[in-house]
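For the sequence shown, the residue numbers in the numbering used here are 78 to 367. Note that beta-carbon positions come from the ideal geometry of N, C-alpha and C, so glycine has one too. Every value quoted in this text rests on a predicted model; they were computed, and no experiment measured them. Worksheet: the structure to be examined is printed underneath.
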Amino acid sequence: MKHRIAVLLAATALGTAGCQTITPATTPDAVSEAARQAQPGAPTAGEPAVDVLARLAVKGRAPETGYDRDQFGQQWADVDRNGCDTRNDVLARDLVDEALKAGSDCVVVTGTLADPYTGQTIRFEKGDGSSVDIDHVVALSNGWQTGAFAWDEARRTAFANDPLNLLAVDYSANRQKGDADAATWLPDVTGYRCTYVARQVAVKATYGLWVTQAEHDAITRVLDTCPDQPVPGPDAAPAAGTAAAPSSAPVTEPFANCAAVRAAGAAPLHRGDPGWSDTMDGDGDGVACE
Numbered sequence: 078m079k080h081r082i083a084v085l086l087a088a089t090a091l092g093t094a095g096c097q098t099i100t101p102a103t104t105p106d107a108v109s110e111a112a113r114q115a116q117p118g119a120p121t122a123g124e125p126a127v128d129v130l131a132r133l134a135v136k137g138r139a140p141e142t143g144y145d146r147d148q149f150g151q152q153w154a155d156v157d158r159n160g161c162d163t164r165n166d167v168l169a170r171d172l173v174d175e176a177l178k179a180g181s182d183c184v185v186v187t188g189t190l191a192d193p194y195t196g197q198t199i200r201f202e203k204g205d206g207s208s209v210d211i212d213h214v215v216a217l218s219n220g221w222q223t224g225a226f227a228w229d230e231a232r233r234t235a236f237a238n239d240p241l242n243l244l245a246v247d248y249s250a251n252r253q254k255g256d257a258d259a260a261t262w263l264p265d266v267t268g269y270r271c272t273y274v275a276r277q278v279a280v281k282a283t284y285g286l287w288v289t290q291a292e293h294d295a296i297t298r299v300l301d302t303c304p305d306q307p308v309p310g311p312d313a314a315p316a317a318g319t320a321a322a323p324s325s326a327p328v329t330e331p332f333a334n335c336a337a338v339r340a341a342g343a344a345p346l347h348r349g350d351p352g353w354s355d356t357m358d359g360d361g362d363g364v365a366c367e
């Protein structure tokens, strides 16, 4: 089969911490078990994202104290036990025309990505280091500050390797995003933003993470433009070649004012977006024309 992802079943969902004892050296079996634990709050695929968002707790960020990538276990573990690491699973899912390394059933060496964040078509070659990244849609640091600090390592490892929380995307866009949440970063392709925040909502609901007030409000503003946007299922990915197109011709000059931003369907505007101007950001929070 072309796509080798074994979906984490109800599995992308986790139960709340406390139902299993994890040994200090977290084993693959412990992580796989953590990934299989479903929790009642996990949304149903196709449920309106606005309804799922309404169930998320709204709190302030916890301190980043203690955060480290190593707190989320082995990078690109084989959580679903299909014999392939998560990075190659996601590349196989999201790329088209992919080729595998000779003698391997897993290692993707070339392929083509219809990037959902920028709308570009990107040629991937293993080892080039500057074309395709695997993005954590809910960044690990964001996860840490909205509940993951209290988890055990098995649960964090499952979260970091969950296909629901992973997308193959343009390298530069991913580096620009960093650990930002929806209040400070959204994809350049405005037509993809509804899908993007719906996936963030699904991930947060699945793992019992909360949202900050600013994050909640930013997601709400996006979903106001697409109130029927559904949350994705655990194996959802951008369909090959169907990355959403920008809603209008590329903007090369700053918008004259917020009325022009709204008329172009580009509100809210985030710092770095096409058409951005600091003059529209009265409170200096990086978001204009809310």
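Rounded separation between residue i and residue j - CA only
i, j, result
"VAL36", "LYS281", "Limits of the chain in this structure are 78 at one end and 367 at the other, which puts residue 36 out of reach."
"ASP162", "ASN334", "48 Å"
"THR104", "LEU300", "39 Å"
"PRO307", "PRO351", "27 Å"
"LYS178", "THR297", "43 Å"
"ILE99", "ALA225", "Reliability of the predicted coordinates at ILE99 is poor, the pLDDT of 35 falling under 50, and no value is obtained from them."
"TRP221", "ALA259", "16 Å"
"VAL108", "ASP305", "34 Å"
"GLY137", "ALA291", "9 Å"
"VAL288", "ALA279", "12 Å"
"CYS303", "ALA343", "13 Å"
"ASP265", "ASP192", "11 Å"
"ALA365", "LYS203", "38 Å"
"VAL186", "SER354", "41 Å"
"THR272", "GLY180", "36 Å"
"VAL167", "TRP153", "10 Å"
"MET357", "GLU330", "14 Å"
"VAL183", "GLU110", "According to the sequence as given, residue 183 is Cys; it is not Val. Their backbone Cα atoms lie some 23 Å apart in a straight line."
"THR261", "GLY160", "37 Å"
"ASP205", "VAL173", "18 Å"
Nearest candidate by alpha-carbon position, reference residue i, set the options
i, options, result
"GLY285", "ASN238, ASP258, PRO120", "PRO120"
"GLN197", "ALA250, ARG298, TRP221", "ALA250"
"ALA134", "ASP350, ASP294, VAL299, GLY310", "ASP294"
"GLN277", "PHE226, ALA179, VAL156, LEU243", "LEU243"
"GLN148", "ARG200, ALA235, VAL173", "ALA235"
"ARG51", "ASP239, THR302, THR261, PRO345", "This structure leaves residue 51 out entirely; the chain is present only between 78 and 367."
"ARG233", "PHE201, THR283, ASP265, ALA343", "THR283"
"PRO125", "GLY310, GLU367, GLU330", "GLY310"
"ALA248", "TRP153, ARG200, ASP312", "The amino acid at residue 248 is misidentified as Ala; the sequence shows Tyr. Looking at the Cα atoms, ARG200 is the closest of the given residues."
"ALA245", "HIS213, ALA291, VAL184, ASP312", "HIS213"
"ALA257", "GLY268, THR223, GLY206", "THR223"
"ASP106", "CYS271, GLU175, ASP155", "ASP155"
"ALA313", "ALA275, LEU130, ALA227", "ALA275"
"GLU175", "VAL167, VAL209, THR189", "THR189"
"ALA231", "ALA139, ARG146, PRO140, GLY150", "GLY150"
"LYS254", "ASN219, ASP229, TRP153", "ASN219"
"ILE211", "ARG132, TRP228, ARG170, GLY123", "ARG170"
"TYR194", "PHE332, PRO345, GLY268, PRO331", "GLY268"
"ARG164", "ALA237, SER207, GLY143", "ALA237"
Reduced DSSP category for residue i - H, G, I as helix; E, B as strand; rest coil
i, result
"LEU172", "coil"
"ALA316", "Confidence is the limiting factor: at ALA316 the pLDDT is only 44, short of 50, which leaves the residue's position unreliable and the question unanswerable from this model."
"THR297", "helix"
"ASP182", "coil"
"PRO323", "Caution applies to PRO323, whose pLDDT of 38 falls short of 50 and renders its modelled position unreliable; the value that the coordinates give is listed next. Coil."
"ALA333", "coil"
"THR142", "coil"
"VAL308", "coil"
"THR187", "strand"
"ALA227", "helix"
"ALA365", "strand"
"ASP192", "coil"
Span of the alpha helix (DSSP H) around residue i
i, result
"LYS270", "As written in the sequence, residue 270 is Arg, which differs from the Lys given in the question. Its alpha helix (DSSP H) spans residues 270-284."
"LEU130", "126-132"
"GLY160", "Counting along the chain, GLY160 falls outside any alpha helix (DSSP H), and DSSP gives it neither H nor E."
"GLY220", "217-222"
Segment limits, beta strand (DSSP E) that includes residue i
i, result
"ARG200", "198-202"
"ASP212", "209-213"
Check: residue i C-beta below 7 Å from any heavy atom of the ligand ATP
i, result
"CYS335", "By its list of ligands, the structure shown contains no ligand whatsoever, and the ligand ATP lies outside what it can speak to."
C-beta neighbour in chain D for residue i, strict 8 Å
i, result
"THR234", "You won't find chain D in this structure, because it holds only one protein chain."
TODO: Note down, one range per segment and in chain order, each alpha helix (DSSP H) of at least 4 residues found wholly within the stretch 230-266.
DONE: If we require 4 residues or more, the alpha helix (DSSP H) runs fully inside the stretch 230-266 come out as 230-237, 248-254.
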